[in-house]
Amino acid sequence: LYEDSSKMKCCKFIIVFALLTFVGRAFADNLVVDQVAIRKGGTMKVAVVLKNPSIQYVAFQFDLKLPDGISIANDEKGELDCSLNEERINGHTLTVEDKGSGVYRLLAFSYPVKEFIGINGKLVYIMLKANKNAKKGVLPVTIKSQVFTGNNGIEYKWNDVSFEINVKNPLGDA
19 LYEDSSKMKC CKFIIVFALL TFVGRAFADN LVVDQVAIRK GGTMKVAVVL KNPSIQYVAF
79 QFDLKLPDGI SIANDEKGEL DCSLNEERIN GHTLTVEDKG SGVYRLLAFS YPVKEFIGIN
139 GKLVYIMLKA NKNAKKGVLP VTIKSQVFTG NNGIEYKWND VSFEINVKNP LGDA
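Here the numbering used here runs 18 ahead of the position in the sequence shown, where the first position is 1.
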C-alpha cells in the first residue's frame, strides 16, 4: 500500500508539472504590437513582435482584422505589402491573403522545416493604409485565429491580441 501511495503522489506531481508547464508556455509566448498612429490618406509600417522565450517555432498563421477604412497597402508590384523580418527568418516564406471584410490571413513556413531565429523581436512588417474617408479616432485591431507550430511538431493556439490604430486628419486639416 505504501508503494502504491508513493507512485500515486509521483504521478500527481508529474501531471501538475505538465499542466503548469503548458499553461506557463501559453502565457509566456505571444505577439505584441505597439499602438499605431496614421493619418487619413497615409501609410504606416507596423511591426508584429514575436516573444517566444519558451519554445522555438517553425511556422505560423494568423488573421488580422482591420477596422473600416484601414487596409494593407499594395507594394510596387500590386501585392499586399507584408514582409518577414530578415533577421528572424531561416528560409521562411510569407503569404498574405485578403479574406474580405477587413480580414487578412498571414501564413509563414519554411521547407525544409526550420526554426525562426531568436526568442524576441520583430517577426512581420505590415504596411497599413488609411483611406481618406477613414473614421478619425482610436480604432481597434485584432490578431485572431493564431496557430504557431513548434519545433516539436505541436500546434499552439493563442488567444486574440488587440492593439489600436489612432487615425488622425491629414497634416494641415483640423
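Don't be surprised by glycine CBs; every beta carbon is placed ideally from N, CA and C.
Less than 6 Å between C-beta atoms, sequence neighbours within five positions excluded: which residues of the same chain meet that for V136? The identity of residue 136 in the sequence shown is Gly, whereas the question assumes Val. Contacts found: R106.
Residue range of the beta strand (DSSP E) that includes P158: 155–168
Tell me which same chain residues have a C-beta within less than 7 Å of the C-beta of P130, skipping the five on either side of it? None.
Where A91 sits in the DSSP three-state scheme: coil
Should D86 go down as buried or exposed, given a rule of 16 or more other Cβ atoms within 10 Å for buried? exposed
When you compare each of G60, M62, D81, V54 to E178 by their alpha carbons, which one comes out closest? Here residue 178 is Asp; the residue named in the question, Glu, does not match the sequence. It is D81 whose Cα lies nearest to the Cα of D178.
With C-beta atoms as the reference, is H110 less than 8 Å away from L98? no
Name the DSSP beta bridge partners of L125, please? Among the bridge pairs identified by DSSP, L125 is matched with Q79, T113.
Touch test, the stretch 66–76 against the stretch 45–55, Cβ-Cβ under 8 Å, three pairs minimum: Three or more Cβ pairs drawn from the stretch 66–76 and the stretch 45–55 lie within less than 8 Å of each other, which places the two stretches in contact.
Determine the direct distance from the alpha carbon of K147 to that of G139, and round the result to whole angstroms. Their Cα atoms are separated by approximately 23 Å.
Would you kindly work out how many angstroms separate the C-alpha atoms of S180 and T160, rounded to a whole number? 4 Å
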